[in-house]
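Chemist: Got a structure for you, questions after.
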DNA sequence: GATGAATGAGCCTTCATTCAT
DNA sequence: TATGAATGAAGGCTCATTCAT
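Shown next as structure tokens:
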């Protein structure tokens, strides 16, 4: 019988992930040493290794958490009945999470993108965090097409990708220039959305 | 009188940078060891150290080369008399360099972005490679405004940033999905450009 | 009054020793981790540490058990009235225990020999397990000399050592070649015994 | 063009193996740390790792050296025309190398035997060092049988194994009792040899 | 007694960098 | 200049051991 409840274990795990997140955001995956994580978490090497079998697993856990969060963010907005409103809601949620505040999240995002180039597990996490939302966006647009709101020659996949590219691109912009205004970004997104969907603005 | 002609030295330097570029694109800045670079270049440790005093300097040289190239690419197109045509030319050049081919360049780009978060020298290189082109784009748009082609309420800086965000975002998209069509990207760019500049699509 | 009966404690102790024996035979003293022993025994770290204060103690307990068993085996046969029959009985018992079956025992034996080189406690256990039987063999041979059965120039100590060397040497042979026939070993032993004792083979 | 001659590299390699041998004989394979080897050799970690890719490789190199030496020792004597003289010569060489002096060699031998139980590469080295000599002994005895010197019912393989078992067993005896007389061992060997080969002593 | 999460010293190994040749 | 053997600080990880529950 476990003396320590499973909740405690889960809490520990979360603590460690959070400490790692802080370190990774500060110094990047590869420049962060596990010593840094031990210090940040206040735990010993052995303890951390009871929860994660390697640095790689810890990186993956952080990346995974981020992509789950991103998927949730991008999905949440999509429930609006109006496709356009839905996409705006998505952008709003994304901007709120990544562009208004959340420098740490931006940094982790960029780290994850870079790491995904050579870390299959992280690439998989990336794709899972990206494919889901994209497919939902595609469906939303297709629904709009079916209902005659968007022209037939709109490519839903390309439109979805463009949306995502734009939002990701702004993550970079804000990383390099913290002054960049989140509102202005959202406004810009709204300005471009009609063209993206082939409808007239307003 | 130098024993070795300057041209010879410059050629060696270029060789080393190219070898490093290959390695960095393959494995990232931090996962690449200098031994990898020695092997790729066919040169010895001592020789490479005669040209670059540290790994950091080598990373910087590669990042620098990339940003010079990017600045050149983005600037080249801007000489068209028509601002819209100029911006399209910029996008075309960018797409040609980063999105049609150039997987290595995309990878180096992403590495550089990530590294810039914690490497001041690389951040500086980044900014130099980015500010220049952006300022030129801003000027182009301002010229368009002056000439009455674009509405007064267009924010040139924001428009320039959005362009860049979009192009950078597509670098990511293509890194994760090599099938993504460069032509479609360009078409999408052209579709969005009028909205970006506040003119009606013609 | 003890809460837990002594028999229970002894049984637990024996369980742990047996689990350790299995692990040590599988992986050697030094390559076996206590975590392996915990897993094999199904007990927790704390529990095992209630019975043994260190890994060293556990190793010693296993080595001790083996040497007690070896001493018993080698002594048991010596009760025959006829010295030659007694020595043959010893060899038979040894072969039965170590060479017919008992791969685990062979492995533990070899581990113990190696460990004895640098572990005083285990060396002591070794000697206790070896001196006793050897002295008994020596006495047996001396008795035979007194009774005129063996020539006077026989060195009982050397004869005893040779017997043991031979049997130990066959442990190695069987470890490296499991096909080696226990019967053939015994036959060989019987063939050599007369020369060893300076009597003509009958 | 190599500035440093290959001889120098081979010498370095030999130095490292020798230092490792000393450490392994002193503390065993598993209790020896590479730090010990660095200290003993006077070389840095990096340098040693230029010659051996892992501790395992170093262990193997030491084991290999020992088995090559053993094979040489046991083979050297076999050239006598008389099989019995040949086998005596083998024993003499073995005793001279392992039993008169060579405590280090004995310790390494025992370490190697133990390690071979769970290290395939070392087991292979063991077998190579053992099969060769045994086969030669077997051939020698078979030649003796053919020439009518030994009876037909002698099993050459068993005789060879017994010889080796005896010599190995004496290695153990001498490890535990440094006083044991090498001459007495050789005398005992000569005493037993006739029985081993089925010829009458004389 | 029994549990198992936590500890932390220390191990093996890597790799940026140096320097005698 | 070019070589590459040598350096050694530091990283990831293990595991014997402890102790609050």
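Chains as they are written, first to last, in my numbering: chain A, 4 to 205; chain B, 4 to 205; chain C, 4 to 205; chain D, 4 to 205.
C-beta: ideal position from N, C-alpha, C; glycine also.
Note that the coordinates shown come from a computational prediction; the quantities given were computed from them, not determined experimentally.
Is the beta carbon of residue 208 (chain C) sitting closer than 9 Å to the one on residue 189 (chain D)?
Modeler: Since the first and last residues shown for chain C are 4 and 205, residue 208 (chain C) lies out of range.
Chemist: Please confirm whether residue 31 (chain D) has its beta-carbon closer than 9 Å to some beta-carbon of chain C.
Modeler: The sequence position of residue 31 (chain D) within the fourth chain is 28, counting from 1. Yes, its Cβ sits closer than 9 Å to a Cβ of chain C.
Chemist: Kindly indicate which three-state DSSP category residue 151 (chain A) falls into: helix, strand or coil?
Modeler: Locating residue 151 (chain A) in the first chain gives position 148, where the first residue counts as 1. Three-state result, residue 151 (chain A): coil.
Chemist: What in chain C is Cβ-close to residue 194 (chain D), meaning under 7 Å?
Modeler: For this step, residue 194 (chain D) is matched to residue 191 along the fourth chain. Under the 7 Å cutoff, chain C gives 198.
Chemist: Note down, in chain order, every chain A residue with its Cβ under 9 Å from the Cβ of residue 178 (chain B).
Modeler: Locating residue 178 (chain B) in the second chain gives position 175, counting from the first residue. Residues of chain A passing the Cβ test: 116, 119, 120.
Chemist: Is residue 191 (chain A) close to chain B, meaning its C-beta is less than 9 Å from at least one C-beta of that chain?
Modeler: Working through the first chain from its first residue, we reach residue 191 (chain A) at position 188. For residue 191 (chain A), the answer is yes, since a Cβ of chain B falls inside 9 Å of its Cβ.
Chemist: Give the DSSP-derived three-state secondary structure of residue 84 (chain D) in the structure shown.
Modeler: Here residue 84 (chain D) refers to the residue found at position 81 when the fourth chain is read from its first residue. Residue 84 (chain D): coil per DSSP, three-state reduction.
Chemist: First and last residue of the alpha helix (DSSP H) that includes residue 99 (chain A)?
Modeler: The residue you call residue 99 (chain A) lines up with position 96 of the first chain. Premise fails: residue 99 (chain A) is in no alpha helix (DSSP H) and is neither H nor E.
Chemist: For residue 137 (chain B), name the three-state secondary structure that DSSP assigns.
Modeler: Within the second chain, residue 137 (chain B) is the residue found at index 134, counting from 1. If DSSP states are grouped into helix, strand and coil, residue 137 (chain B) belongs with the helices.
Chemist: Which term fits residue 4 (chain B), buried or exposed, when burial requires 16 or more other beta carbons within 10 angstroms of its beta carbon?
Modeler: Along the second chain, one-based indexing puts residue 4 (chain B) at 1. Unreliable placement is indicated for residue 4 (chain B), whose pLDDT of 41 sits below 50; no coordinate value is reported for it.
Chemist: Tell me whether the region 50–65 of chain A and the region 135–146 of chain A touch, counting them as touching only if at least three CB pairs, one residue from each stretch, are closer than 8 Å.
Modeler: no
Chemist: Just to confirm the assignment, what range does the alpha helix (DSSP H) spanning residue 110 (chain C) have?
Modeler: One-based indexing of the third chain puts residue 110 (chain C) at position 107. Residues 106–119.
Chemist: Going by DSSP in three states, residue 194 (chain A) sits in which element: helix, strand or coil?
Modeler: Start at 1 with the first residue of the first chain, and residue 194 (chain A) comes out as number 191. In this structure, residue 194 (chain A) counts as helix in the three-state DSSP scheme.
Chemist: In this structure, does DSSP put residue 56 (chain D) in helix, strand or coil?
Modeler: Here residue 56 (chain D) refers to the residue found at position 53 when the fourth chain is read from its first residue. Secondary structure of residue 56 (chain D) (DSSP, three-state): coil.
Chemist: Is residue 34 (chain D) close to chain C? Criterion is C-beta to C-beta, closer than 9 Å.
Modeler: The sequence position of residue 34 (chain D) within the fourth chain is 31, counting from 1. Chain C, which has a Cβ nearer than 9 Å to the Cβ of residue 34 (chain D), makes this yes.
Chemist: According to the Cβ coordinates, are residue 43 (chain C) and residue 64 (chain C) closer than 9 Å?
Modeler: Here residue 43 (chain C) refers to the residue found at position 40 when the third chain is read from its first residue. Here residue 64 (chain C) refers to the residue found at position 61 when the third chain is read from its first residue. No, Cβ-Cβ distance for residue 43 (chain C) and residue 64 (chain C) is not below 9 Å.
Chemist: Pairs of beta-carbons, one from the region 76–88 of chain B and one from the region 68–75 of chain A, closer than 8 Å: are there three or more?
Modeler: In the pairwise beta carbon analysis, the region 76–88 of chain B is classified as not touching the region 68–75 of chain A: fewer than three pairs are separated by under 8 Å.
Chemist: From the beta carbon of residue 113 (chain D), is the nearest beta carbon of chain C less than 9 Å away?
Modeler: Sequence index remark: in the fourth chain, residue 113 (chain D) carries index 110 (1-based). Yes, residue 113 (chain D) lies at the interface with chain C (some Cβ there is under 9 Å from its Cβ).
Chemist: Under 9 Å between beta-carbons, which chain C residues line up against residue 76 (chain D)? List them in chain order, please.
Modeler: Position 73 of the fourth chain, counted from the start, is the residue given in the question as residue 76 (chain D). Ordered by position in chain C, no residue passes the 9 Å Cβ test against residue 76 (chain D), which lies about 17 Å from the chain.
Chemist: Under 9 Å between the Cβ atoms of residue 142 (chain A) and residue 164 (chain B)?
Modeler: As a first step, residue 142 (chain A) must be located in the first chain, where it is residue number 139. As a first step, residue 164 (chain B) must be located in the second chain, where it is residue number 161. The answer is no: Cβ separation not under 9 Å.
Chemist: Would you grab the beta carbon distance between residue 93 (chain B) and residue 185 (chain B) for me? Rounded to a whole angstrom, and I think it's under 8 Å.
Modeler: As a working note, residue 93 (chain B) is residue 90 in the second chain. As a working note, residue 185 (chain B) is residue 182 in the second chain. So it is not a contact: roughly 15 Å between Cβ atoms.
Chemist: Please report how far the alpha carbon of residue 161 (chain B) lies from the alpha carbon of residue 195 (chain A), in whole angstroms.
Modeler: Here residue 161 (chain B) corresponds to residue number 158 of the second chain, with the count starting at 1. Here residue 195 (chain A) corresponds to residue number 192 of the first chain, with the count starting at 1. Using only the alpha carbons, I get a separation of about 13 Å.
Chemist: Taking Cβ positions only, does residue 172 (chain B) come closer than 9 Å to chain A?
Modeler: Locating residue 172 (chain B) in the second chain gives position 169, counting from the first residue. Yes, residue 172 (chain B) lies at the interface with chain A (some Cβ there is under 9 Å from its Cβ).
Chemist: In chain order, what are the residue ranges of uninterrupted alpha helix (DSSP H) at least 4 long that sit wholly in the region 4–79 of chain D?
Modeler: 9–34, 37–44, 48–54, 58–79
Chemist: Work out the CA separation of residue 172 (chain D) and residue 105 (chain D) for me, nearest whole Å.
Modeler: Position 102 of the fourth chain, counting from 1, holds the residue named residue 105 (chain D). Position 169 of the fourth chain, counting from 1, holds the residue named residue 172 (chain D). So the alpha carbons of these two residues sit roughly 15 Å apart.
Chemist: Would a C-beta distance cut-off of 9 Å place residue 144 (chain A) and residue 86 (chain A) closer than the cut-off?
Modeler: Indexing the first chain from 1 puts residue 144 (chain A) at position 141. Indexing the first chain from 1 puts residue 86 (chain A) at position 83. Yes, the Cβ-Cβ distance between residue 144 (chain A) and residue 86 (chain A) is below 9 Å.
Chemist: Checking contacts by CB at 9 Å: is residue 187 (chain B) closer than that to chain A?
Modeler: Residue numbering aside, residue 187 (chain B) sits at position 184 when the second chain is read from its first letter. Answer yes: the Cβ-Cβ gap between residue 187 (chain B) and chain A drops below 9 Å somewhere.
Chemist: Go through its chain and collect everything with a Cβ distance to residue 50 (chain A)'s Cβ below 6 Å, but skip five positions before and after it.
Modeler: Sequence index remark: in the first chain, residue 50 (chain A) carries index 47 (1-based). For residue 50 (chain A), where only same-chain residues beyond five positions count, there are no Cβ hits under 6 Å.
Chemist: Apply the 10 Å Cβ neighbour rule to residue 203 (chain B) and answer buried if 16 or more other Cβ atoms are within range, or exposed otherwise.
Modeler: Indexing the second chain from 1 puts residue 203 (chain B) at position 200. Exposed.
Chemist: Using a Cβ-Cβ cut-off of 8 Å (strictly less than) and excluding sequence neighbours within five positions of residue 174 (chain D), which residues of its own chain qualify?
Modeler: The count along the fourth chain starts at 1 and reaches residue 174 (chain D) at position 171. So the list reads 101, 102, 109, 112, 113, once near-sequence residues are dropped.
Chemist: Report the rounded CA-to-CA distance for residue 67 (chain A) versus residue 29 (chain C), giving the unit in angstroms.
Modeler: Here residue 67 (chain A) is taken as the residue at index 64 of the first chain, counted from 1. Here residue 29 (chain C) is taken as the residue at index 26 of the third chain, counted from 1. Looking at the two C-alpha atoms, the distance is approximately 39 Å.
Chemist: Tell me the rounded alpha-carbon separation between residue 39 (chain B) and residue 18 (chain B).
Modeler: Taking the first residue of the second chain as position 1, residue 39 (chain B) is located at position 36. Taking the first residue of the second chain as position 1, residue 18 (chain B) is located at position 15. When rounded, the distance between both Cα atoms is 14 Å.
Chemist: Closer than 8 Å by beta-carbon distance: list the chain A residues that pair up with residue 102 (chain B), in chain order.
Modeler: For the purposes of this step, residue 102 (chain B) is taken as residue 99 along the second chain, with counting starting at 1. Correct list: empty, because the minimum Cβ distance to chain A is about 11 Å.
Chemist: Residue 153 (chain A): which of A:41, A:201, A:25 sits nearest, CA to CA?
Modeler: As a first step, residue 153 (chain A) is located in the first chain; it is residue number 150 there, counting from the start. Cα-wise, what sits closest to residue 153 (chain A) is A:201.
Chemist: Along chain B, in chain order, which residues have C-beta atoms closer than 7 Å to that of residue 161 (chain A)?
Modeler: If you number the first chain from 1, residue 161 (chain A) lands on position 158. From the beta-carbon of residue 161 (chain A), the residues of chain B found nearer than 7 Å are 187, 191.
Chemist: For residue 15 (chain D), which residues in chain C fall below 8 Å Cβ to Cβ?
Modeler: To locate residue 15 (chain D), count along the fourth chain from 1; it is residue 12. Those do not exist, as residue 15 (chain D) stays about 28 Å from chain C at its closest Cβ, beyond 8 Å.
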